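Following the numbering used here, the numbering of the sequence shown begins with 13 at its first residue and continues without gaps. Scroll down for the structure; my scribbles are underneath it.
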Amino acid sequence: MTTLADRPNTALLVIDVQNDVVRGAHERDAVVAAIAGLVERARAEGAPVVWVQDHGEERAQGSPGWQIVPELAPAEGEPRIAKEYGDSFEDTDLEQVLAGLRVGRLVVAGAQTDMCVRSTLHGALTRGYDALLVGDAHTTEDLTEWGAPPPAQVIAHTNLYWKFQSAPGRTAGTVPAAEVDFRQKV
């Protein structure tokens, strides 16, 4: 039900599933496997897959740590968005890419739950997109040393509160990977 005109398509947005970002992340292998399954299904169902890669002082573009994890491989022609900020829309060409693909609904997976995934979900909803979080396809690192809850609680809380998000003319929600329908038009 996006507020964006003439945007009937759904895209899979894979955020920051990079070597340095998910090294040591909570249930890393299970989350990467869930994302791999989503990528395969999106491609089979004709939905665009858009890859986001964070860079900065800690992760230089092109460095080994900046690379997408080896279990996932962007296909030829799939958009890759380089970003410096938590919200994948901020100071990037993501909006132009999605407009060109006529995307009004995003299925979001990736890392980190409490940073880039959350920021991008909110950024998408604010910009008029329907934004669906895949509850078993996002992860974060353990930040309890700095006062954060344990990763499993961060993930569970994000799944819970995003399940009830909405905005005028837009929908949000949380679903398991097995229930994602890429053919759904908005």
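We put the CB at the ideal spot given by N, CA and C, even for glycine. All figures in this text were calculated on a predicted structure; none of them were measured in a lab.
Cβ-Cβ distance between residue i and residue j below 9 Å
i	j	result
Tyr141	Val109	no
Arg92	Val62	yes
Thr186	Gly147	yes
Leu137	Gln177	yes
His38	Thr151	yes
Ala2	Ala46	Residue 2 cannot be examined here, being either before or after the span of the chain that is shown, 13 to 198.
Leu106	Pro60	no
Arg71	Phe101	no
Gly49	Ala179	no
Residue span of the alpha helix (DSSP H) that contains residue i, given as start and end
i	result
Asp41	Arg40 to Ala56
Trp174	Pro163 to Lys175
Val34	Asn31 to Val34
Val109	Leu106 to Gly112
Whole-angstrom distance between residue j and residue i, CA atom to CA atom
i	j	result
Pro161	Leu172	15 Å
Thr122	Thr132	It should be pointed out that residue 122 corresponds to Gly in this sequence rather than to Thr. One C-alpha to the other measures close to 11 Å.
Thr125	Gly36	14 Å
Met13	Leu144	12 Å
Glu83	Asp99	24 Å
Ala184	Leu24	14 Å
Val129	Asp18	26 Å
Glu157	His169	19 Å
Pro20	Ala111	11 Å
Tyr97	Glu57	30 Å
Val120	Asp28	11 Å
Val81	Glu90	16 Å
Glu153	Ile167	10 Å
Glu69	Lys95	12 Å
Asp41	Lys197	31 Å
Val51	Val192	11 Å
Ala85	Trp174	28 Å
Continuous beta strand (DSSP E) stretch holding residue i: start and end
i	result
Gly122	Val115 to Ala123
Val192	Here Val192 belongs to no beta strand (DSSP E), and DSSP marks it neither H nor E.
Trp63	Val61 to Asp66
Thr22	Asn21 to Ile27
Ala94	Arg92 to Lys95
Cβ distance (whole Å) where residue i is taken to contact residue j below 8 Å
i	j	result
Val64	Val33	About 10 Å separates the two Cβ atoms, so there is no contact after all.
Arg182	Thr22	Not a contact, Cβ separation roughly 14 Å.
Gln30	Gly77	7 Å
Phe194	Ala54	5 Å
Distance cut-off 8 Å: residue i Cβ against heavy atoms of the ligand HEM
i	result
Ala179	Looking for the ligand HEM in the displayed structure turns up nothing, as the structure carries no ligands at all.
What beta strand (DSSP E) runs, 3 residues minimum, are completely inside the segment 129-164? DSSP runs (the beta strand (DSSP E)) wholly in the segment 129-164: 142-151.
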